[in-house]
Amino acid sequence: MADVSWVMAAAVAAYNKAKGSFFDAACFEPAPVEKRCGSMTSGLCIFAKGTSCHYKAKPCKPTDAQVLALFTEWNAALATLNSSTVADLYAPNAVLLPTVSNKYRETREEIVDYFDKFLQSSPQGTIDQSEIRHLAEGVVQNLGIYTFALSGDRKVQARYSYTYVRQANGKWLIAEHHSSAMPEDPNAEIVAAFAQWNAALATFNATTVAALYAPAAVLLPTVSNKVRNTRAEIEDYFVSFLKRKPQGVIDSIAGSSPNIRFLAPNVAINSGTYVFALTDPETGVVSNVQARFTYVYKKYGDYWLIEDHHSSVMPEPV
Numbered sequence: 014m015a016d017v018s019w020v021m022a023a024a025v026a027a028y029n030k031a032k033g034s035f036f037d038a039a040c041f042e043p044a045p046v047e048k049r050c051g052s053m054t055s056g057l058c059i060f061a062k063g064t065s066c067h068y069k070a071k072p073c074k075p076t077d078a079q080v081l082a083l084f085t086e087w088n089a090a091l092a093t094l095n096s097s098t099v100a101d102l103y104a105p106n107a108v109l110l111p112t113v114s115n116k117y118r119e120t121r122e123e124i125v126d127y128f129d130k131f132l133q134s135s136p137q138g139t140i141d142q143s144e145i146r147h148l149a150e151g152v153v154q155n156l157g158i159y160t161f162a163l164s165g166d167r168k169v170q171a172r173y174s175y176t177y178v179r180q181a182n183g184k185w186l187i188a189e190h191h192s193s194a195m196p197e198d199p200n201a202e203i204v205a206a207f208a209q210w211n212a213a214l215a216t217f218n219a220t221t222v223a224a225l226y227a228p229a230a231v232l233l234p235t236v237s238n239k240v241r242n243t244r245a246e247i248e249d250y251f252v253s254f255l256k257r258k259p260q261g262v263i264d265s266i267a268g269s270s271p272n273i274r275f276l277a278p279n280v281a282i283n284s285g286t287y288v289f290a291l292t293d294p295e296t297g298v299v300s301n302v303q304a305r306f307t308y309v310y311k312k313y314g315d316y317w318l319i320e321d322h323h324s325s326v327m328p329e330p331v
């Protein structure tokens with residue numbers, strides 16, 4: 014029995030290839046038998062130096078990487094653009110609550126019907142955040158947030174939960190798949206990030222404003238030729254700028270403004286024009302100045318910080 018490890022490894026690999034499982038050697042225990050080695054659904058049967066050895070499946074907790082590989086398999090099925098291929102990954106009694114259909118799908122025909130339509134957008138998913146839960150032997154969940162790249166350079170983020178059940182043949186299939194649109198407007202977070210920056214200006218504290226910029230941020234300001242790429246240089250600019258008591262208003266940002274674009278789930282660009290009310294430090298006269306802006310934000314934990322801020326005067330008379 015001591016010399017059969019390599020034989021067992023080969024047998025496990027062959028079993029996985031045939032059954033689509035992710036068993037490994039730790040999922041089996043040796044059980045020497047005297048009888049003929051035959052087909053057994055409860056485990057593997059392999060020969061080693063003339064000895065008939067039956068390796069019986071035992072409780073085996075999959076790794077997180079193995080659970081995530083099930084999503085990779087599902088995503089690869091989407092890439093075939095064949096709804097039946099995708100439906101093959103759902104258990105016979107599976108339930109699908111899809112992102113863009115009100116209908117509760119509980120038969121293979123209904124699941125195929127959904128993917129007939131969804132695959133027309135050539136979807137490819139990427140997991141942004143995942144949580145894996147082991148509920149029982151042979152039952153595991155993957156929950157989180159994914160982003161789909163769709164035809165026409167569209168990207169859509171959604172929440173998901175997959176519940177997988179290991180079948181009698183060792184293959185893991187989806188027993189429950191619930192996908193839903195993100196309930197909050199992502200643009201609202203970027204609008205709020207500008208409002209936070211504007212509120213920081215109202216403190217007249219350059220350190221408070223500079224704290225809203227990422228550690229490696231770059232500032233190309235409106236009234237300075239210098240490229241500011243350190244926290245000290247950014248703060249130095251605002252020491253002078255805040256003497257004019259600036260308060261900004263973005264000209265066009267309401268509703269589904271095209272000025273906000275998400276390049277990734279945690280990276281967004283907001284560009285357009287804003288108007289600043291500026292106060293002359295000597296005369297106290299307030300004037301309005303319009304300028305163009307680009308903010309590139311990146312999310313760190315729960316906070317959006319400015320990675321790039323480029324502000325420039327209007328090139329034509331206004």
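Residue numbers (my numbering): 14 to 331. C-beta atoms are modelled at their ideal positions from N, C-alpha and C, and glycine is treated no differently. All of these numbers come straight from a predicted model, not from anything done at the bench.
Beta strand (DSSP E) containing residue 133: first to last residue?
From DSSP, residue 133 is part of no beta strand (DSSP E); its letter is neither H nor E.
Report the residue ranges of all beta strand (DSSP E) runs contained in full by the stretch 191-263; include only those spanning at least 3 residues, in chain order.
226-233 and 260-263
Looking at the structure shown, is residue 293 part of a helix, part of a strand, or coil, going by DSSP?
coil
Cα-Cα separation, residue 143 to residue 172
10 Å
According to DSSP, is residue 127 part of a helix, a strand, or is it coil?
helix
When the Cα atoms are used, what is the spatial distance from residue 296 to residue 327?
25 Å
Span of the alpha helix (DSSP H), counted from its first residue to its last, around residue 78
77-92
Euclidean distance between Cα positions of residue 163 and residue 169:
8 Å
Do the CB positions of residue 194 and residue 139 come within less than 8 Å of each other?
no
Three-state class that DSSP yields for residue 99 in the structure shown:
helix
Short of 7 Å in beta carbon distance, which residues of its chain neighbour residue 114, apart from the five on each side in sequence? Order them along the chain.
127
Counterpart residues of residue 321 in DSSP-defined beta bridges:
231 and 309
Taking the alpha-carbon of residue 136 as reference, which of 107, 99 and 256 has the nearest alpha-carbon?
99
Tell me the DSSP bridge mates of residue 153?
147 and 177
Would you call the stretch 234-246 in contact with the stretch 276-286, where contact means no fewer than 3 C-beta pairs closer than 8 Å?
no
Neighbourhood of residue 218 by C-beta distance below 8 Å, restricted to the same chain and skipping five residues each side:
255
Report the CB separation of residue 221 from residue 213 in whole angstroms; it is logged as a contact under 8 Å.
5 Å
Flag this pair as yes or no: are the beta carbons of residue 291 and residue 257 separated by less than 8 Å?
yes
Between which two residues does the beta strand (DSSP E) harbouring residue 118 extend?
Element bounds for residue 118: n/a, residue is neither H nor E.
How long is the line joining the alpha carbons of residue 245 and residue 149, rounded to whole angstroms?
54 Å
Straight-line CA distance for residue 284 to residue 101?
45 Å
Helix, strand or coil, according to DSSP, for residue 330 in the structure here?
coil
So which of 116, 123 and 155 has the shortest CA-CA distance to residue 178?
155
Starting from residue 168, follow its DSSP beta bridges and name the residues at the other end.
162
Alpha-carbon spacing of residue 123 relative to residue 107, whole angstroms:
11 Å
If you measure between the beta carbons of residue 224 and residue 319, is that distance less than 8 Å?
no
In three-state DSSP terms, what is residue 314?
coil
How close, in whole Å, do the beta carbons of residue 203 and residue 310 come, if the pair is a contact with beta carbons under 8 Å?
6 Å
Would you please state the rounded distance, in angstroms, between the beta carbons of residue 190 and residue 74? I believe it to be under 8 Å.
That pair is no contact at about 22 Å.
Chain C within 8 Å of residue 117, Cβ atoms only
Of the protein chains in the structure, only one exists, and it is not chain C.
One or two residues paired with residue 283 in a DSSP bridge:
273 and 308
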